[in-house]
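All remarks here apply to the structure that follows.
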Ligand SMILES: Nc1ncnc2c1ncn2[C@@H]1O[C@H](COP(=O)(O)OP(=O)(O)OP(=O)(O)O)[C@@H](O)[C@H]1O
Ligand SMILES: [Mg+2]
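Numbering (UniProt numbering), first residue to last: 1 to 261.
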């Protein structure tokens with residue numbers, strides 16, 4: 001398997017006619033963990049949605065390439081099959097679809113027709129991964145996310161990721177709402193998967209997560225752009241000093257996305 005190579009160039013994205021992303025550049029290679037931090041409402045989740053092909057998010061300029069292939073020409077399904085994965089900030093509840101069935105369908109779609117995982121092998125792997133993530137076995141047959149607590153949803157997103165083995169995994173605030181033990185479990189799940197075969201984009205507000213998942217690169221997003229990149233120390237600096245010094249340094253008054261009236 002070749003190392004993933006994920007490139008975003010000058011990405012502009014509109015939502016309902018409003019420009020939210022205003023030229024995002026990013027390059028993630030297999031084996032790397034990139035973190036994106038930044039104040040509320042600066043475009044982080046919009047970037048995640050645009051990468052996955054959410055229909056509300058219209059790319060008006062720029063490109064996204066996975067292993068040299070044009071992601072913007074792919075359907076949502078094709079993106080998942082190509083190895084893009086998003087753990088959402090707010091995972092949706094899907095009544096009527098069991099967690100296990102959902103994951104098996106997604107995994108088989110990713111593996112492709114004729115290469116479906118044998119049922120027994122699937123269940124063995126699922127049970128193993130659930131154990132590693134301290135998820136109660138009953139969650140396999142429960143409806144996807146229905147009635148899951150906030151932290152249970154987040155752990156379940158990591159379960160899906162561990163089962164699907166994506167090439168590029170985007171984790172949007174995977175640490176929000178997690179208790180301290182769950183945070184370690186989730187971080188452990190990520191670290192176990194860490195290899196040259198996968199690249200991570202981790203969106204978070206808190207340096208705390210990055211103590212457990214040590215990033216190679218930290219980016220700061222403001223006004224729909226990446227305004228600063230550095231190493232793990234940048235996250236520590238932000239934790240200690242907040243965002244004001246950076247806004248001053250960059251001459252930014254309002255960090256949220258400006259939308260012209
Ligand atoms: N579907 C949508 N409809 C209308 N506005 C949207 C939509 N999606 C994003 N926006 C707007 O785009 C801006 C950026 O939102 P986004 O969710 O990307 O922020 P974020 O950086 O993820 O913030 P947070 O840290 O609070 O999660 C916000 O002003 C938001 O209201
Ligand atoms: Mg967000």
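C-beta atoms are modelled at their ideal positions from N, C-alpha and C, and glycine is treated no differently.
These figures come from a predicted structure and were not determined experimentally.
Go through the residues and name those whose CB comes closer than 7 Å to any heavy atom of ligand 2, in chain order. 44, 45, 89, 172, 173, 203
Since residue 244 is in the alpha helix (DSSP H), which residue starts that stretch and which ends it? It spans 244-250 - the alpha helix (DSSP H) in which residue 244 sits, taken as one unbroken run.
Out of 20, 222, 258, which one is the CA nearest neighbour of residue 243? 222
Note down the Cα distance separating residue 179 from residue 214, rounded to an integer number of angstroms. Cα-Cα distance, rounded: 19 Å.
State the Cα-Cα distance for the pair residue 68 and residue 80, rounded to the nearest angstrom. 16 Å
Candidates 114, 117, 154, 122: closest to residue 133 by CA position: Out of 114, 117, 154, 122, 154 has the C-alpha closest to the C-alpha of residue 133.
Who are the near neighbours of residue 107 in its chain, counting only those whose CB is closer than 8 Å to its CB and skipping five residues on each side? 117, 122, 163, 164
Buried/exposed call for residue 56, threshold 16 Cβ in 10 Å: Exposed.
How would you label residue 38, buried or exposed, when you count the other beta carbons within 10 angstroms and need 16 or more for buried? buried
Counting pairs of Cβ atoms below 8 Å between the stretch 143-150 and the stretch 200-209, do you hit three or more? no
Cβ distance (whole Å) where residue 21 is taken to contact residue 41 below 8 Å: Not a contact, Cβ separation roughly 12 Å.
Per-residue burial, residue 196 [other beta carbons within 10 Å of its own, 16 or more giving buried]: It counts as exposed.
For residue 29 and residue 1, I'd like the C-alpha separation in whole angstroms. 13 Å
Based on the DSSP output, what are the partners of residue 199 in its beta bridges? 168
What is the DSSP secondary structure of residue 46, counted as helix, strand or coil? helix
Please report the straight-line C-alpha distance between residue 50 and residue 72, rounded to a whole angstrom. 9 Å
Would you identify the three-state DSSP class for residue 210, choosing helix, strand or coil? helix
Nearest CA to the CA of residue 85: which residue from 250, 6, 177? 6
Here's a check: name, in chain order, each residue in its chain whose Cβ is nearer than 8 Å to the Cβ of residue 16, leaving out the five neighbours to either side. Answer for residue 16: 56, listed in chain order.
Under 9 Å between C-beta atoms, does residue 52 make it to chain C? In summary, chain C is missing from the structure at hand, where a single protein chain is found.
Please classify residue 160 as buried or exposed, where buried requires at least 16 neighbouring CB atoms within 10 angstroms. buried
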